[in-house]
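*Asks:* Just dropping this structure here.
Residue numbers (this note's numbering): 8 to 576.
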């Protein structure tokens, strides 16, 4: 039962949501999405990734409810509570550990794992309640489902592991049922869904009958434009409809929120630094309202009007007449209690982001692939400015497509991925991976300072034994097997230390560019056969996480790990 019951959670930087399927694996029914925000006049496929805790760090609420509760708070109350938004980006490009702290809107900090786990617990419980309401009140528990959690493809493996640990903490799975949680890469999920869309599922500015061709050999780029990251994958359709990754995931942290930040910087420029800093500190919930209004107007390629909240107008008015502030800046004016921003100024907020995305795409197109489509997905893809810019830059080389419901593509594709993980049949290894081994010392090859000895002779330590090379194709379910032997006849324990690098053929594990990424231990209690014993390493690189199993063949002792990429602080 569990393998055909799927709940997919898209935990986004700006917005989060879930979709589910309780139909048989072979059924072609569309995943069901929960919609959010009806009591606030919204009806969206995702809810803001905002979470509110009380002064004792106890969870209060999540999503629109958290955002609206925080927006209504007075200054004193807002200073006491912990309100988090955009916190997913704290996992991007950072050295992660389980004790990492992240700042709330008022500057106070909480443990990151606790914040992420509480958000996932809320989504888990809401999903189970929603499904029970859809199925005549039958009560489901987490273990009835395979869970799919989406993450950016450009995230480091440590960040993927962090999300797995947060999901375990949230009660989505236990350590024993860890295989019921599948980590899906966001652009892959979007690709899976978009590949099956009919012609009328895409926004077509030129009214042509564009569709994502499914013929074997079709090559296309998926650009997942999220709030935080822009994630780019290159896929080829294989015979039978499965996908092959042609280029390792790339991208940047130039998602939709960089546009929001540019807008905020512009407000700071209008109202001057010290006044703006005072406003931001004193009225954080009112600032939330301005930013929410901006997320609506930035979808459209036109002049924008933003209502100026009471406290900002009052603070500014104490110093000088409000329209005076607008004499210092270009592209904005004061009209009847509103800040009017010109279309050109609005476009300037996008310039850095669209420029970086364009550069990433040009780099890929230089590689000589036969790209037929660029597929734009994710919430930020619904911005007219972004879509038009990418279309203008690349329309001469390939078709630029965007699904009508660009924000839903990842969620629906993630449900399909949960049912058929083999749909992404071949991936590229993002790094060269290897382990630390000893070899019999050879003075013509090895460094003198690496020489060591035991009862069985002279050895060279710290040798990097390559397991997979950067850019190498790896099958989604491919297990690679390697046989090793102990270096000491009386050895009763072995530790496999894993390393990664962007280099192809390093010699030693302590060279430049190599990073230790975890280890696995196994006991070898039966020593009768001395060094004539086998240790079998089985390792899977082709799924979205790296799994290693080490077995002492004589005793059948086993060590197993999803390689631990997080530091123990």
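Positions of the beta carbon are idealized from the N, C-alpha and C atoms, including for glycine. On a predicted model such as this, the values are computed, not experimentally measured, just so you know.
Verify whether the separation of the beta carbon atoms of residue 473 and residue 441 is less than 7 Å.
*Replies:* Less than 7 Å separates the beta-carbon of residue 473 from that of residue 441.
*Asks:* Using CA coordinates, which residue listed in 133, 148, 66 and 143 is at the minimum distance from residue 118?
*Replies:* 66
*Asks:* Residue 337: which of 351, 326 and 344 sits nearest, CA to CA?
*Replies:* Nearest in C-alpha terms to residue 337, of all of 351, 326 and 344, is 351.
*Asks:* Three-state secondary structure (DSSP) at residue 12?
*Replies:* coil
*Asks:* Please state the DSSP three-state secondary structure of residue 501.
*Replies:* strand
*Asks:* By Cβ distance below 7 Å, which residues in the same chain neighbour residue 215 in space, the five residues on each side in sequence not counted?
*Replies:* Caution applies to residue 215, whose pLDDT of 47 falls short of 50 and renders its modelled position unreliable; the value that the coordinates give is listed next. Nothing meets the Cβ criterion.
*Asks:* Does the beta-carbon of residue 202 have 16 or more other beta-carbons within 10 angstroms, so that it is buried, or is it exposed?
*Replies:* buried
*Asks:* Quick one: what's got a C-beta closer than 7 Å to residue 376's C-beta in the same chain, skipping five residues either side?
*Replies:* For residue 376, where only same-chain residues beyond five positions count, the Cβ hits under 7 Å are 226, 241 and 253.
*Asks:* Taking the Cβ atom as the reference point for each residue, do residue 17 and residue 418 lie within a distance shorter than 7 Å?
*Replies:* yes
*Asks:* Taking the DSSP output, what are the residues bridged to residue 43?
*Replies:* 51
*Asks:* To the nearest angstrom, report how far apart residue 40 and residue 27 are at their CA atoms.
*Replies:* 7 Å
*Asks:* Within its chain, find whatever has a CB closer than 7 Å to the CB of residue 307; leave out the 5 residues flanking it on each side and keep chain order.
*Replies:* 391
*Asks:* Here's the rule: buried if 16 or more other CB atoms are within 10 angstroms of the residue's CB, otherwise exposed. What is residue 453?
*Replies:* buried
*Asks:* How would you call residue 394, buried or exposed, if buried means at least 16 neighbouring beta carbons within 10 angstroms?
*Replies:* When all chains shown are included, residue 394 counts as buried.
*Asks:* From residue 70 to residue 79, what distance separates their C-alpha atoms?
*Replies:* 15 Å
*Asks:* Please state whether DSSP places residue 496 in a helix, a strand or coil.
*Replies:* coil
*Asks:* Spatial neighbours of residue 138 within its chain, please: CB distance less than 8 Å, with the 5 preceding and 5 following residues excluded, ordered by chain position.
*Replies:* 14, 27, 29 and 147
*Asks:* Quick one: Cα of residue 290 to Cα of residue 82, how far?
*Replies:* 6 Å
*Asks:* Since residue 22 and residue 258 are thought to touch, with beta carbons under 8 Å apart, how far apart are those beta carbons, to the nearest angstrom?
*Replies:* 18 Å between Cβ atoms; not a contact.
*Asks:* Please state the DSSP three-state secondary structure of residue 215.
*Replies:* In this predicted model, residue 215 has a pLDDT of only 47, less than 50, meaning its place in the structure is not dependable enough to derive any value.
*Asks:* Who are residue 243's beta bridge partners in DSSP?
*Replies:* 226 and 251
*Asks:* Would you list, in sequence order, the uninterrupted beta strand (DSSP E) runs of no fewer than 3 residues that lie entirely inside the stretch 103-150?
*Replies:* Counting whole runs of 3 or more residues, the stretch 103-150 contains the beta strand (DSSP E) stretches 108-110 and 116-118.
*Asks:* Cα separation between residue 313 and residue 134?
*Replies:* 35 Å
*Asks:* Could you tell me whether the stretch 329-347 touches the stretch 364-383, using the rule of 3 or more Cβ pairs below 8 Å?
*Replies:* Fewer than three beta-carbon pairs drawn from the stretch 329-347 and the stretch 364-383 are found closer than 8 Å, and the two stretches are therefore not classed as touching.
*Asks:* Mind checking if residue 92 is an interface residue toward chain C, Cβ cutoff 7 Å exclusive?
*Replies:* Looking at the structure shown, chain C is missing, and only one protein chain is on hand.
*Asks:* Using 8 Å as the Cβ pair cut-off and three pairs as the minimum, do the stretch 515-532 and the stretch 478-487 touch?
*Replies:* no
*Asks:* Which whole-angstrom value describes the C-beta separation of residue 469 and residue 516, a residue pair presumed to lie in contact below a C-beta threshold of 8 Å?
*Replies:* 5 Å
*Asks:* For residue 131, count neighbouring C-beta atoms within 10 Å of its own C-beta (all shown protein chains included) and say buried if the count is 16 or more, exposed if not.
*Replies:* buried
*Asks:* By how many angstroms is the C-alpha of residue 540 removed from the C-alpha of residue 490?
*Replies:* Looking at the two C-alpha atoms, the distance is approximately 10 Å.
*Asks:* One question on the structure: do residue 436 and residue 488 come within less than 7 Å of each other, judged by their Cβ atoms?
*Replies:* In this structure, residue 436 lies away from residue 488, with their beta-carbon atoms at least 7 Å apart.
*Asks:* To the nearest angstrom, how far is the alpha carbon of residue 281 from that of residue 260?
*Replies:* 28 Å
*Asks:* If you draw a straight line from the C-alpha of residue 333 to the C-alpha of residue 288, how long is it?
*Replies:* Approximately 22 Å, taken between the alpha carbons.
*Asks:* Just to confirm the assignment, what range does the beta strand (DSSP E) spanning residue 270 have?
*Replies:* Element bounds for residue 270: not the beta strand (DSSP E) but the alpha helix (DSSP H), 263-278.
*Asks:* What residue range does the beta strand (DSSP E) around residue 394 cover?
*Replies:* According to the DSSP assignment, residue 394 belongs to no beta strand (DSSP E) but to the alpha helix (DSSP H) extending over 391-401.
*Asks:* What are the boundary residues of the beta strand (DSSP E) that residue 68 is part of?
*Replies:* 66-69
*Asks:* Mind pulling the alpha helix (DSSP H) runs of 4 or more residues that sit fully within the stretch 281-321?
*Replies:* 291-304
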